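Engineer: Numbering (this note's numbering), first residue to last: 116 to 322. The beta carbon of each residue, even a glycine, is placed where N, CA and C say it ideally should be. Predicted model only: the values in this text are computed from it and were never measured. A single structure is presented below for examination.
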């Protein structure tokens, strides 16, 4: 997890810490607890960033970095890393946490709007650093969400395809097999105890 601090962002007298590998509400809870235990005045925490009250003498970046690393996160140190993490956060939000209030919205438009940069420049940067395209990363996150919905067992594949805005069940099945090597039926038959690349991945491990 990477962290970057910046004075003056947000309310006066605060510093923003940028954090890599935050992907869920549990991550927010862990960072809040750790920062509070360090004596920091936590004003706001979201996926990928935390706003804390300014500390006399400046924030102890080494201490922050250490506590984040102990919990599987990283301190984001440069602007490009921050942009890449913002893209990942936008993809995860679009795929896993969107309420469905904007059906049909393109993920490319969502990313550009959320990050505040044009999609092409983000795509070039992302590919050069991550060695995969944003589209490939989006597809892999999408398949992880499909796996999750299949594991719940309360929706048919047709319902999942509709929910995830695939054009058809066949489209979902083809994409699922291209990523996992299995058809949805084969994956479901494996059961929750199967290990390896077919099993569900933690969201921060999706590449």
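By the 10 Å Cβ neighbour count, where 16 or more other Cβ atoms means buried, how is residue 163 classified, buried or exposed?
Structural biologist: buried
Engineer: Under a three-way DSSP split, which group does residue 244 fall into?
Structural biologist: helix
Engineer: Leaving aside the five residues before and after residue 120 along the sequence, list all residues of the same chain whose C-beta is less than 6 Å from its C-beta, in chain order.
Structural biologist: Note that residue 120 scores a pLDDT of 44, beneath 50, so its modelled location is shaky; the value from the coordinates is reported in the next line. Same-chain partners within the cutoff: 130, 132 and 174.
Engineer: If you scan the segment 137 to 207 from start to end, which runs of the alpha helix (DSSP H) of 4 or more residues do you find wholly inside it?
Structural biologist: With a minimum length of 4 residues, the continuous alpha helix (DSSP H) runs that stay inside the segment 137 to 207 are 140 to 152, 176 to 185 and 194 to 207.
Engineer: Enumerate in chain order the residues of its own chain whose CB-to-CB distance from residue 153 is below 7 Å, with the five nearest sequence positions on each side excluded.
Structural biologist: These residues qualify, in order along the chain: 178 and 182.
Engineer: Residue 130 by DSSP, collapsed to three states: which one?
Structural biologist: If DSSP states are grouped into helix, strand and coil, residue 130 belongs with the strands.
Engineer: Short of 6 Å in beta carbon distance, which residues of its chain neighbour residue 222, apart from the five on each side in sequence? Order them along the chain.
Structural biologist: 209 and 253
Engineer: Could you spell out where the alpha helix (DSSP H) holding residue 252 opens and where it closes?
Structural biologist: From DSSP, the alpha helix (DSSP H) with residue 252 extends over 249 to 267.
Engineer: Rounded to whole angstroms, how far is the Cβ of residue 168 from the Cβ of residue 156, which I believe are closer than 8 Å?
Structural biologist: 3 Å
Engineer: Restricting to Cα atoms, I'd like to know which of 258, 219, 213 and 195 is closest to residue 236.
Structural biologist: 195
Engineer: If distances are taken between C-alpha atoms only, which option among 272, 279 and 278 comes closest to residue 301?
Structural biologist: 272
Engineer: Nearest by alpha-carbon distance to residue 193: which of 277, 247 and 135 is it?
Structural biologist: 135
Engineer: Once you ignore the five residues that flank residue 227 on each side, which residues in its own chain have a CB closer than 8 Å to its CB?
Structural biologist: Result list for residue 227: 233, 234 and 237, in chain order.
Engineer: List the residues that DSSP assigns as beta-bridge partners of residue 292.
Structural biologist: Answer is none; residue 292 lacks a bridge partner.
Engineer: Excluding the five sequence neighbours on either side, which residues of its own chain have a C-beta within less than 8 Å of the C-beta of residue 280, listed in chain order?
Structural biologist: If we look at residue 280 and ignore the five residues flanking it on each side, its Cβ neighbours are 218 and 219.
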